[in-house]
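Letter by letter, the sequence shown follows residues 47 to 141 in the numbering used here. By construction, the Cβ of each residue, glycine as well, lies at the ideal position given by its N, Cα and C atoms.
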Amino acid sequence: MRNWEFMEWTENIDHGTTTKGFPFYQVGISGWNADGPSSNKEQLIRIRTVKNNLSITTHIDYLHPDARFNLNARRLAKEITFYLEDSFRDEFSRT
């Protein structure tokens, strides 16, 4: 199983609308090791949160097969999921 010493969110939070017209936020997680340059980052996980009508759904895509079993990657994915879902909840509370 592969491990990564460093992991981070992608620099930007992508946003837009789905093909059905629902707004979404999308973030990726990348990882790399200290023995190589940080330019050797690998895309590990993609997280997409969609607000459709009155619900919020989150999809986590594990782009690297070992990312699913890496506890640090899963912990970071969970943190990002809460952050993205809260962003939509804040919008619900203002409407």
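Rounded to whole angstroms, the separation of the alpha carbons of F52 and Y129 is 20 Å.
A distance of 8 Å or more separates the beta carbons of I91 and I102. A straight-line Cα-Cα distance of about 22 Å links E57 and P111.
If you draw a straight line from the Cα of G77 to the Cα of T104, it is about 21 Å long. Ranked by Cα distance from I93, the options E54, R48, K87 and Q72 are led by Q72. Here the alpha carbon of I106 sits roughly 23 Å from the alpha carbon of N86. Excluding five sequence positions before and after L109, the CB atoms of its chain that fall closer than 7 Å to its own CB belong to Q89, L90, I91 and R92, given in chain order. Shortest Cα-Cα distance from T127 to any of R114, T95, A119 and N99 involves T95.
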